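Protein chains in written order, with this note's numbering: chain A, 661 to 773; chain B, 267 to 380.
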């Protein structure tokens, strides 16, 4: 069983489009995260949710909007896609809100043309 | 605020040789430290973590790391490199408030030479 899954794995789209990435975890964790990995492989936290409540919202354009319908899901919606949004987006989950190891999904490679 | 510095964006070792990947951290609170490995086109897998228990931490695949508070370091080692160890390695720190996102270093690409 996949612990943290993301769909789609690859996403190619045109500038200006709106797209969503879905994330699901079956670990029973109550905290979920989105990270962005740029072309130089640098990883940076974007958002975290604990029990469906937004906890961390780093300096991310408001074109990015996370949605957590329940504790097992955290989706990422991106409006008006720009070239600079091209990256790999990772979802992760952990139990508790502090210090616990995070389990990562396989990533979604987003390419904006 | 926290930060992580990984010395050496690329490290090359011969198969069978010692692997040493360096990580230094900065944290205003007692840190929790992690090493993750990323194989090509895959997500991140936890190798090991330090959570204020033993300072020498053993992880998967024969890796271990030692927490040294005086040096603010958490270097990753493996006695004998294997070809399958070739990957990207990330050191990360967690220690702030709230639902902590991890603060990652820039990664070290480990190359294993036959």
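Ideal placement from N, C-alpha and C gives every residue a C-beta, glycine not left out.
This one's a predicted model, so the numbers in the text were calculated from it and none came from an experiment.
For residue 331 of chain B: DSSP bridge partner residues: Position 65 of the second chain holds residue 331 of chain B. According to DSSP, which records beta bridges pairwise, residue 331 of chain B is partnered with B:323 and B:342.
Against chain A: residues of the region 283 to 302 of chain B by CB proximity under 7 Å: 298 and 300
C-alpha gap between residue 290 of chain B and residue 686 of chain A, whole angstroms: Looking up residue 290 of chain B in the second chain gives position 24. Looking up residue 686 of chain A in the first chain gives position 26. Roughly 33 Å between the two C-alpha positions.
Which residues DSSP lists as bridging residue 292 of chain B, in chain order: Position 26 of the second chain, counted from the first residue, corresponds to residue 292 of chain B. Per DSSP, B:269.
Expected contact under 8 Å - CB spacing of residue 343 of chain B and residue 285 of chain B to nearest Å: Reading the second chain from its first residue, position 77 is the one you call residue 343 of chain B. Reading the second chain from its first residue, position 19 is the one you call residue 285 of chain B. With 8 Å as the limit, residue 343 of chain B and residue 285 of chain B qualify as a contact, their Cβ atoms being about 6 Å apart.
Opposing strand residues paired with residue 773 of chain A [DSSP bridges]: Your numbering for residue 773 of chain A matches position 113 in the first chain. In DSSP, residue 773 of chain A forms no bridge with anything.
Residue 701 of chain A: contacting residues in chain B (beta-carbon distance under 7 Å): Counting from one through the first chain, the residue named residue 701 of chain A turns up at place 41. In chain order: 354 and 373.
Contact with chain B by residue 681 of chain A, beta-carbon distance below 7 Å: One-based indexing of the first chain puts residue 681 of chain A at position 21. With 7 Å as the cut-off, residue 681 of chain A does not count as an interface residue toward chain B.
N-terminal and C-terminal residue of the beta strand (DSSP E) that residue 691 of chain A is part of: Against the first chain, residue 691 of chain A aligns to sequence position 31. 691 to 697 is the span of the beta strand (DSSP E), which, as asked, contains residue 691 of chain A.
Three or more C-beta pairs below 8 Å linking the region 667 to 684 of chain A and the region 342 to 359 of chain B: no
Minimum Cβ-Cβ distance from residue 364 of chain B to chain A less than 7 Å: Counting from one through the second chain, the residue named residue 364 of chain B turns up at place 98. Unreliable placement is indicated for residue 364 of chain B, whose pLDDT of 48 sits below 50; the coordinate value is still reported in the next sentence. Answer yes: the Cβ-Cβ gap between residue 364 of chain B and chain A drops below 7 Å somewhere.
Cα-Cα separation, residue 328 of chain B to residue 273 of chain B: Locating residue 328 of chain B in the second chain gives position 62, where the first residue counts as 1. Locating residue 273 of chain B in the second chain gives position 7, where the first residue counts as 1. Cα to Cα, residue 328 of chain B sits roughly 21 Å from residue 273 of chain B.
Member of B:313, B:324 and B:380 whose CA lies at the smallest distance from the CA of residue 762 of chain A: Counting from 1 along the first chain, the entry for residue 762 of chain A is found at position 102. The shortest C-alpha separation from residue 762 of chain A is found at B:313.
Nearest-angstrom beta carbon gap, residue 330 of chain B and residue 324 of chain B [assumed within contact, 8 Å]: Here residue 324 of chain B refers to the residue found at position 58 of the second chain. Here residue 330 of chain B refers to the residue found at position 64 of the second chain. Correct: roughly 5 Å between the Cβ atoms.
Chain A contact for residue 370 of chain B (CB, 7 Å cutoff): Locating residue 370 of chain B in the second chain gives position 104, where the first residue counts as 1. Yes - at least one Cβ of chain A is within 7 Å of the one on residue 370 of chain B.
Under 7 Å by beta carbon: chain B residues contacting residue 761 of chain A: Locating residue 761 of chain A in the first chain gives position 101, counting from the first residue. Within 7 Å Cβ-Cβ: 300, 312 and 315.
Where residue 675 of chain A sits in the DSSP three-state scheme: Within the first chain, residue 675 of chain A is the residue found at index 15, counting from 1. Here residue 675 of chain A sits in coil by DSSP.
Proximal residues of chain B, C-beta to C-beta of residue 764 of chain A below 8 Å: Translated into positions along the first chain, residue 764 of chain A becomes position 104. 302, 309, 310 and 311, listed in chain order.
Contiguous beta strand (DSSP E) assignments of at least 3 residues, all confined to the region 692 to 764 of chain A: 703 to 710, 713 to 717, 724 to 730, 733 to 738 and 747 to 754
Beta-carbon contacts of residue 736 of chain A that lie in its chain and below 7 Å, excluding the five residues immediately before and after: Here the question's residue 736 of chain A lines up with position 76 in the first chain. Result list for residue 736 of chain A: 680, 681, 694, 724, 726 and 749, in chain order.
For residue 745 of chain A and residue 733 of chain A, the rounded distance between their alpha carbons: Your numbering for residue 733 of chain A matches position 73 in the first chain. Your numbering for residue 745 of chain A matches position 85 in the first chain. One C-alpha to the other measures close to 22 Å.
Pairwise C-alpha distance: residue 305 of chain B and residue 352 of chain B: Counting from 1 along the second chain, the entry for residue 352 of chain B is found at position 86. Counting from 1 along the second chain, the entry for residue 305 of chain B is found at position 39. C-alpha separation (whole angstroms): 8 Å.
Rounded distance between the beta-carbons of residue 739 of chain A and residue 678 of chain A, thought under 8 Å: To locate residue 678 of chain A, count along the first chain from 1; it is residue 18. To locate residue 739 of chain A, count along the first chain from 1; it is residue 79. Yes, they are in contact, since the Cβ atoms of residue 678 of chain A and residue 739 of chain A sit about 5 Å apart, within 8 Å.
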